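Structure, as structure tokens:
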Amino acid sequence: MKMWIRYGLGQGLRSVWTAAALASLAARNRTCRVDIPVSGEVVVSLTTHGARLKYVHLAVESIARGSVRAPIVLWLDRGDYESAWPAPLRRLAARGLQVRCSDGSYGPHTKYWGMFREVAGAGTRVVTVDDDVIYPPWFLERLREAADEQPEAVWAYRAHRIMMRAGAVQPYRKWGQVTNTLASPLNFATGVSGVLYPAAFIEYVVAQGERFLQVSPRADDVWLHLCELRSGHLVRQVYSASQNFPVVPATQVGTLAVRNTFGGGNDRQIAVTYGQADVDELWAAVP
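Be aware that the sequence shown starts at 360, since it is given in my numbering, and climbs by one per residue.
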């Protein structure tokens, strides 16, 4: 399975594999009695909302089955937290999934903001994941190995390379993929495939407060990259090639990622978020 994910499948074969993986995870949810840890030096954090509550158990189960186990915390807005949870989510909560109510309307920042505030100063590392991805069993194991290699770096399975021209940031759709494992100010982690944040970086982000609500309310990746740039916690990609893990097909209609990429949402928020000194630093990093 690891080789299939890393090096690609034909579309038909990949669809068959994804369907089989979803069925296996659904069956695991119905029958598994293995508890999810409630504490650890690495914590997994994610959010979901609305109709996606019906599918989030698939992503959580894919992480919970991994070769390295860690606490998993799911953050919900108040309306979803106080609603009737689907049976698969209730089963996960009974096994140790920690379901928390967010104390504000933070949009995509809900994935990390409550968790960062909770663990800041405790030396805990946080891994953020998306609610619609099937993560491989080696997902956490390899992230932890990478983080042990360079603890101060932000480690991502998938990152873009910020493209610059004549001292200016180019439109997001023109950014390329990172093709090495070197740290760089130009590396922009994309959260979909999972990102590990070191404890010192978490403290820095928490110290910035909620300014993200004014500058990038719908682009958590943009705000976190700005914090990485300013704090010196640069992004490294775990493998030289970006990892694109399978997604749950039913969740892909009208996603935020599509609106931000093709609707220009990221470009508008990038223009507001980065100051001239930040842009100059990015330009200076161009080889």
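All C-beta atoms, glycine included, are put in the ideal place defined by N, C-alpha and C. All values reported here derive from a predicted model rather than from experimental measurement.
Going straight from the alpha carbon of residue 643 to that of residue 415, what length do you get? For the purposes of this step, residue 643 is identified with residue 284 of the sequence shown, where counting begins at 1. For the purposes of this step, residue 415 is identified with residue 56 of the sequence shown, where counting begins at 1. Near 41 Å, if we compare the C-alpha coordinates of residue 415 and residue 643.
Assuming residue 564 contacts residue 475 (C-beta within less than 8 Å), just tell me the rounded distance between them. To locate residue 564, count along the sequence shown from 1; it is residue 205. To locate residue 475, count along the sequence shown from 1; it is residue 116. Yes, they are in contact, since the Cβ atoms of residue 564 and residue 475 sit about 6 Å apart, within 8 Å.
Test item: CB-CB of residue 489 and residue 551 under 8 Å: Along the sequence shown, one-based indexing puts residue 489 at 130. Along the sequence shown, one-based indexing puts residue 551 at 192. Yes; because the gap between Cβ atoms is below 8 Å, this pair is in contact.
Residue burial classification, residue 389 (beta-carbon count within 10 angstroms, cutoff 16): For the purposes of this step, residue 389 is identified with residue 30 of the sequence shown, where counting begins at 1. Exposed, since its Cβ has fewer than 16 Cβ neighbours within 10 Å.
For residue 631 and residue 574, which I take to be in contact (beta-carbon distance under 8 Å), what is that distance rounded to the nearest angstrom? Taking the sequence shown and counting its residues from 1, one reaches residue 631 at position 272. Taking the sequence shown and counting its residues from 1, one reaches residue 574 at position 215. Rounded, the Cβ-Cβ distance is 5 Å, consistent with contact.
Extent of the continuous beta strand (DSSP E) run through residue 556: Locating residue 556 in the sequence shown gives position 197, where the first residue counts as 1. That run of the beta strand (DSSP E) goes 554-556.
Give the single residue among 402, 408 and 601 whose Cα lies nearest to the Cα of residue 518. The residue you call residue 518 lines up with position 159 of the sequence shown. Nearest option by C-alpha distance: 601.
Count the other CB atoms, across all protein chains shown, that sit within 10 Å of the CB of residue 484; report buried if there are 16 or more and exposed otherwise. Against the sequence shown, residue 484 aligns to sequence position 125. It counts as buried.
Going by DSSP, what residues sit across from residue 514 in a beta bridge? Walking along the sequence shown from the start, residue 514 turns up at place 155. For residue 514, which the question treats as bridged, DSSP gives the partners 555 and 595.
Do residue 548 and residue 606 have their CB atoms nearer than 8 Å? Within the sequence shown, the letter at position 189 stands for residue 548. Within the sequence shown, the letter at position 247 stands for residue 606. Taking 8 Å as the Cβ cut-off, residue 548 and residue 606 do not qualify as a contacting pair.
Specify the secondary structure class of residue 340 as computed by DSSP and reduced to three states. Residue 340 is absent from the structure shown; the chain starts at 360 and stops at 646.
If I'm right that residue 493 touches residue 641 with Cβ under 8 Å, what's the distance once you round it to whole angstroms? Within the sequence shown, numbered from 1, the residue matching residue 493 stands at position 134. Within the sequence shown, numbered from 1, the residue matching residue 641 stands at position 282. So it is not a contact: roughly 33 Å between Cβ atoms.
Taking 6 Å as the limit between beta carbons, can you name the residues of its chain near residue 451, skipping five residues before and five after? Numbered from its first residue, the sequence shown carries residue 451 at position 92. Cβ within range, chain order: 416 and 419.
So the candidates are 471, 508 and 638; which of them puts its Cα closest to the Cα of residue 578? Here residue 578 is taken as the residue at index 219 of the sequence shown, counted from 1. Checking every option, the nearest Cα to that of residue 578 belongs to 471.
Of all the beta strand (DSSP E) runs that stay within the bounds of the stretch 391-454, which reach a length of 3 or more residues? Qualifying beta strand (DSSP E) stretches, in chain order: 401-406 and 431-435.
Using the DSSP secondary-structure output, state which residues sit across from residue 535 in a beta bridge. Position 176 of the sequence shown holds residue 535. Paired residue(s): 520.
Could you tell me whether the stretch 374-393 touches the stretch 440-460, where touching means 3 or more Cβ pairs closer than 8 Å? With a cut-off of 8 Å, the stretch 440-460 and the stretch 374-393 count as touching, because enough Cβ pairs lie within range.
Identify whether residue 549 lies in helix, strand or coil by the three-state DSSP scheme. Mapped onto the sequence shown, residue 549 falls at position 190. It is coil, neither helix nor strand.
Classification of residue 636 by the beta-carbon crowding that lies within 10 angstroms, buried from 16 upward: By 1-based counting over the sequence shown, the position of residue 636 is 277. Exposed is the label assigned to residue 636, since fewer than 16 other Cβ atoms lie within 10 Å of its Cβ.
In chain order, what residues of the same chain have a beta carbon less than 7 Å from the beta carbon of residue 424, not counting five sequence neighbours either side? Position 65 of the sequence shown holds residue 424. Here the set comprises 387 and 496.
Check whether the Cβ atoms of residue 544 and residue 588 lie closer than 8 Å to each other. The sequence position of residue 544 within the sequence shown is 185, counting from 1. The sequence position of residue 588 within the sequence shown is 229, counting from 1. In this structure, residue 588 lies closer than 8 Å to residue 544 by Cβ.
So the candidates are 378, 554, 479 and 411; which of them puts its Cα closest to the Cα of residue 506? Along the sequence shown, one-based indexing puts residue 506 at 147. Ranking the options by Cα distance to residue 506, first place goes to 554.
What number of angstroms, rounded off, separates the C-alpha of residue 566 from the C-alpha of residue 645? To locate residue 566, count along the sequence shown from 1; it is residue 207. To locate residue 645, count along the sequence shown from 1; it is residue 286. So the alpha carbons of these two residues sit roughly 29 Å apart.
Using beta-carbon positions only, say whether residue 511 and residue 408 come within less than 8 Å of one another. Your numbering for residue 511 matches position 152 in the sequence shown. Your numbering for residue 408 matches position 49 in the sequence shown. No, these two residues do not count as a Cβ contact at 8 Å.
Can you give me the C-alpha to C-alpha distance between residue 610 and residue 381, rounded to a whole angstrom? Here the question's residue 610 lines up with position 251 in the sequence shown. Here the question's residue 381 lines up with position 22 in the sequence shown. Using only the alpha carbons, I get a separation of about 13 Å.
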